[in-house]
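Numbering (my numbering), first residue to last: 1228 to 1458. To start, the structure itself, in structure tokens.
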């Protein structure tokens, strides 16, 4: 089995040393960039299986790196490292194409669990086929979606949530099942508001009136459901 290569973008040398050691012990190859400019250099010369990006750098942010990668068409998994446990930063990172985030200080076991989950999903996506549900169609291989023939501008995380709900169309998917599928944990490592953020942002993109959704419905106290609506 090929070894997964990770790009770590972090300017705190003590954290770099600890993370590099831990990731290598877990079987990953790790390249390090200490600022945004170095990250762009590494990305131009090497293909990576996952990006681990600090948010605040001397010459920019991890959001800048993620944004450029996504504009180039890459769907490489991205995890943000942030010291700012604020919804605004979390939403900015997710909207910019990030897949997950961890707040410093974090447990190495937690981070490795998230990395494994994202790498598994990235590897599994290549075997999926197209999904059609009413007026929605998904290209699982390309991570793209269309509603009523219009392309949806989704982040990688939003696409995964949508795909999970659509595969279970007309059935309620519990919050615990969603968190387990998306983050490989039933909430132990995830802020309780994160799923609500995903759902709200996704509704803004798939619903004619997000305040009165037709597709993405809330089963209060249980979870969420994708309701099939024909054209």
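Built from N, CA and C at the ideal position, the CB exists for glycine as well.
Practice task
Give every residue of the same chain whose Cβ lies closer than 7 Å to the Cβ of residue 1402, excluding the five residues on either side of it in the sequence, and list them in chain order.
Solution key: The answer, listed in chain order, is 1422, 1450.
Practice task
Kindly indicate which residue of 1246, 1400, 1434, 1425 has the alpha-carbon position closest to the one of residue 1333.
Solution key: Out of 1246, 1400, 1434, 1425, 1246 has the C-alpha closest to the C-alpha of residue 1333.
Handout entry: Spatial neighbours of residue 1338 in its chain, beta-carbon cut-off 6 Å, leaving aside the 5 residues before and after
Key = So the list reads 1329, once near-sequence residues are dropped.
Practice task
Run the CB neighbour count on residue 1236, radius 10 Å, all protein chains shown included, and call it buried at 16 or more, exposed below.
Solution key: Classification for residue 1236: buried.
Exercise for the section: Report the rounded CA-to-CA distance for residue 1394 versus residue 1323, giving the unit in angstroms. Expected result: Cα-Cα distance, rounded: 25 Å.
Problem - Reduced DSSP secondary structure (H/G/I, E/B, other) of residue 1294 - result: Looking at residue 1294 - three-state DSSP - the assignment turns out to be helix.
Handout entry: Length of the line joining the Cα atoms of residue 1372 and residue 1342
Key = Going from the Cα of residue 1372 to the Cα of residue 1342 covers about 25 Å.
Practice task
Below 8 Å on the Cβ atoms is my guess for residue 1310 versus residue 1331; work out the distance and round it to an integer in Å.
Solution key: Yes, they are in contact, since the Cβ atoms of residue 1310 and residue 1331 sit about 5 Å apart, within 8 Å.
Handout entry: Endpoints, alpha helix (DSSP H) assigned at residue 1271
Key = Start and end: 1263-1272.
Problem - Contact check, residue 1226 vs residue 1233, beta carbons under 9 Å - result: An answer regarding residue 1226 cannot be provided, because it is not within the stretch 1228 to 1458 covered by the chain.
Practice task
Report all residues from its chain with a CB closer than 8 Å to the CB of residue 1346; omit the five preceding and five following residues, and keep chain order.
Solution key: Contacts found: 1231, 1276, 1277, 1304.
Handout entry: Three-way DSSP call (helix, strand, coil) for residue 1231 in this model
Key = Secondary structure at residue 1231: coil, using DSSP grouped into helix, strand and coil.
Exercise for the section: Compute the beta-carbon to beta-carbon distance between residue 1384 and residue 1425, rounded to the nearest angstrom, for a pair I have assumed lies under 8 Å. Expected result: Right, their Cβ atoms sit about 6 Å apart.
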